[in-house]
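Line order of the protein sequences matches chains L and R. Taking the numbering used here, the leading residue of the first sequence gets 1, the next gets one more, and so forth. Taking the numbering used here, the leading residue of the second sequence gets 1, the next gets one more, and so forth. Beta carbons: idealized from backbone N, C-alpha and C, even for Gly. Nothing here was measured: the structure is a model prediction, and the numbers come from that model.
2 protein chains.
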Amino acid sequence: MALSTRFTVALHVLTLLAAYPGQALASAYIAGSVNTNAAFVRRLMGSLRRAGLVHSQPGTGGGWQLARPAEEITLRSVRHALGEGPVFAMHSQRPNPKCTVGRHIQGALTAVYGEAEKAMEMQLEQHTVASLLRSVRGRR
Amino acid sequence: MALSTRFTVALHVLTLLAAYPGQALASAYIAGSVNTNAAFVRRLMGSLRRAGLVHSQPGTGGGWQLARPAEEITLRSVRHALGEGPVFAMHSQRPNPKCTVGRHIQGALTAVYGEAEKAMEMQLEQHTVASLLRSVRGRR
DNA sequence: TTTATTTGTTACCACCTTAGATACAGATCA
DNA sequence: TGATCTGTATCTAAGGTGGTAACAAATAAA
Numbered sequence: 001m002a003l004s005t006r007f008t009v010a011l012h013v014l015t016l017l018a019a020y021p022g023q024a025l026a027s028a029y030i031a032g033s034v035n036t037n038a039a040f041v042r043r044l045m046g047s048l049r050r051a052g053l054v055h056s057q058p059g060t061g062g063g064w065q066l067a068r069p070a071e072e073i074t075l076r077s078v079r080h081a082l083g084e085g086p087v088f089a090m091h092s093q094r095p096n097p098k099c100t101v102g103r104h105i106q107g108a109l110t111a112v113y114g115e116a117e118k119a120m121e122m123q124l125e126q127h128t129v130a131s132l133l134r135s136v137r138g139r140r
Numbered sequence: 001m002a003l004s005t006r007f008t009v010a011l012h013v014l015t016l017l018a019a020y021p022g023q024a025l026a027s028a029y030i031a032g033s034v035n036t037n038a039a040f041v042r043r044l045m046g047s048l049r050r051a052g053l054v055h056s057q058p059g060t061g062g063g064w065q066l067a068r069p070a071e072e073i074t075l076r077s078v079r080h081a082l083g084e085g086p087v088f089a090m091h092s093q094r095p096n097p098k099c100t101v102g103r104h105i106q107g108a109l110t111a112v113y114g115e116a117e118k119a120m121e122m123q124l125e126q127h128t129v130a131s132l133l134r135s136v137r138g139r140r
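Now the structure itself:
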C-alpha cells in the first residue's frame, strides 16, 4: 500500500525552516521546495503547530517558523506530533476465538510489534532536525 | 492509510501450521481461523511458498505445511518473503532540485530511515514462528 | 481605512491499495 | 470417475492519500 509521505514532508519542511532561522516562510514558498501544494503544507503544519514544534503567523510577511531550537526537535517527536499510527496492522477482521491460535495471536503479536517499533523509535530519537540539516549541508 | 494486514495474517497462518506439524491444512480451514476468505489465504501463502517457507499440496487431503522447522523461520524472513516494502515513504513528487534542502533531503532521510528500519528488523530477527507459538500457548 | 497577504479550514476529486467475493482450470487422491 | 484442493484471474466496495479550489479571518502595510 502506498505509505503516507507526511513524515517525510514534515521533516523536509522542518529542515527548511531550520535553514532559515528567524525568517517566516510562507506555505506557498515551502510548497515550492517540497513540490506540492500550499493547502497540503498548511494541513500538515497544523499538526506540528498543535504539538508546539512550529509557530505560524498570518498576514503580510507571515508564515512558519520553528517554535523550538532545531537541536531539541527529535525525529521521534515529529512522528508523534503527526499522530502517525503503528507500523504493523492487525487483522482487519477479528480472528476466530474458537481457535487457540486465533484467540491469542494478537496478544502475542502486540508484544513483538511493540518491541520492534520501540527499537525503531529509539533510532529516530537519536536524530534531530539540526542533525538532518547538517547532513543535508554535508552533501552540498 | 490502512496498513497491510498481510504480515500479521502470514504470521497467524504460520503459527497455525506450526501448531499442527505433519498435517496439511486446507486454505478454507485456515481462512476459518483467520476469519477471511480462502482466496486471500492462497494468494498470501503463494509468497511464502515461493520463498521456501511452506509447502502446498493440491487434491484430496492436501493443503499447507511448513517446509522448514518453525525454529528456523524468523519473523524477519517472513517479512522479506512477503516482499514488504519500506516503513517510510519518500515524497510522492520529487522535491525541488533548485533548493539545497530539496536537493539533498532524500539522501539524508534514506540514511536515517535505513538505520531505523534495520533496528526494527533486528528485533524481528529475534523471534521465530516457534517462539510465537510458545507465546500463544502461554496465554491459554 | 483600505488593500494585499497569509493562515486555517472545508469540500471535493482522482487515484491507488486492500481485501472480500466469485469463478474456473489444473493437479491430486480415493 | 468424482471429489478435493491449489493456483490464478477478475471484479468490486471501502478507505486512505494527496491535489485542487474556495473562502472567512487575521495581520501588516500603504
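Throw me the rounded Cβ distance for the residue i and residue j pair, which I believe falls under 8 angstroms.
i              : j              : result
R76 (chain L)  : E115 (chain L) : Wrong, their Cβ atoms sit about 16 angstroms apart, outside the cutoff.
L66 (chain L)  : A18 (chain L)  : 6 angstroms
T8 (chain L)   : A31 (chain R)  : Contact doesn't hold; Cβ gap of about 36 angstroms is too wide.
P86 (chain R)  : E117 (chain R) : 6 angstroms
R6 (chain L)   : S27 (chain L)  : Actually they do not touch by this definition, with Cβ atoms about 15 angstroms apart.
Q93 (chain R)  : A119 (chain L) : Incorrect: roughly 31 angstroms between the Cβ atoms, too far for contact.
A111 (chain L) : S135 (chain R) : 7 angstroms
Measuring CA to CA, which of the options is closest to residue i?
i              : options                     : result
G63 (chain L)  : L:T74, L:P86, L:L14         : L:L14
R139 (chain L) : R:V136, R:G102, R:R134      : R:G102
R137 (chain R) : L:P58, L:T100, L:A119       : L:T100
P69 (chain R)  : R:S135, R:R6, R:Y20         : R:Y20
A24 (chain L)  : L:F40, L:L44, L:S4, L:G59   : L:G59
L44 (chain L)  : L:G61, L:V78, L:Y113, L:P97 : L:V78
S4 (chain R)   : R:G61, R:R94, R:T74, R:G83  : R:G83
Which residues in the same chain have their Cβ closer than 8 angstroms to the Cβ of residue i, if we skip the five residues on either side of it in sequence?
i              : result
Y29 (chain R)  : G63
M1 (chain L)   : Confidence in M1 (chain L) is poor, its pLDDT being 47 and thus under 50, which makes the residue's placement unreliable; the coordinate value appears in the next sentence. Closer than 8 angstroms at Cβ, skipping near neighbours: no residue.
H12 (chain R)  : S33, V34
P95 (chain R)  : V101, G102, R103, I105, Q106
L133 (chain L) : T15, A18, A19, A70
Which same chain residues end up closer than 6 angstroms to residue i when comparing Cβ atoms and leaving out the 5 residues on each side of it in sequence?
i              : result
R49 (chain R)  : S56
H91 (chain R)  : none
A38 (chain L)  : S27, A28, A31
T74 (chain L)  : E125, T128
P97 (chain R)  : R103
Y113 (chain L) : F88
Take residue i and list the residues in its own chain whose beta-carbon comes closer than 7 angstroms to its own, dropping the five residues that flank it on each side.
i             : result
A81 (chain L) : S47, L48, A51, L53
E71 (chain R) : T128, A130
G61 (chain L) : A24
Interface residues of chain L around residue i at Cβ under 9 angstroms?
i              : result
L44 (chain R)  : Ordered by position in chain L, no residue passes the 9 angstroms Cβ test against L44 (chain R), which lies about 12 angstroms from the chain.
V136 (chain R) : T100, V101, R103, H104, I105, G107, A108
Mind listing the chain R neighbours of residue i? Cutoff is C-beta to C-beta under 8 angstroms, in chain order.
i             : result
K32 (chain L) : As written in the sequence, residue 32 (chain L) is Gly, which differs from the Lys given in the question. Chain R residues near G32 (chain L): N96, C99.
Kindly list, in the order they appear in chain L, the residues whose Cβ is closer than 8 angstroms to that of residue i.
i              : result
L132 (chain R) : I105, A108, L109, V112
Listing by chain order, which chain L residues have their CB less than 7 angstroms from the CB of residue i?
i             : result
S92 (chain R) : T5
So which residues on chain R does residue i lean against when the C-beta distance must stay under 7 angstroms?
i             : result
V41 (chain L) : By Cβ distance, chain R contributes nothing, its closest Cβ being about 12 angstroms from V41 (chain L), past 7 angstroms.
V9 (chain L)  : H91
Counting only Cβ-Cβ distances shorter than 9 angstroms, please list the residues of the region 106-130 of chain R near chain L, keeping chain order. Here the close residues are Q106, G107, A108, L109, A111, V112, Y113, E115, A116, E117, K118, A119, M120, E121, M122, Q123, L124, Q126, H127.
Select from the region 61-79 of chain R all residues with a C-beta closer than 9 angstroms to any C-beta belonging to chain L, and list them in chain order. Correct list: L75.
Using a Cβ-Cβ cut-off of less than 8 angstroms, give me the residues of the region 12-27 of chain R that come near chain L, in sequence order. So the list reads H12, T15, L16, A19, given in the order they occur along the chain.
So if I threshold CB-CB distances at 7 angstroms, which residues from the region 79-90 of chain R count as touching chain L? Only V87, F88, A89, M90 from the region 79-90 of chain R bring a Cβ to less than 7 angstroms from some Cβ of chain L.
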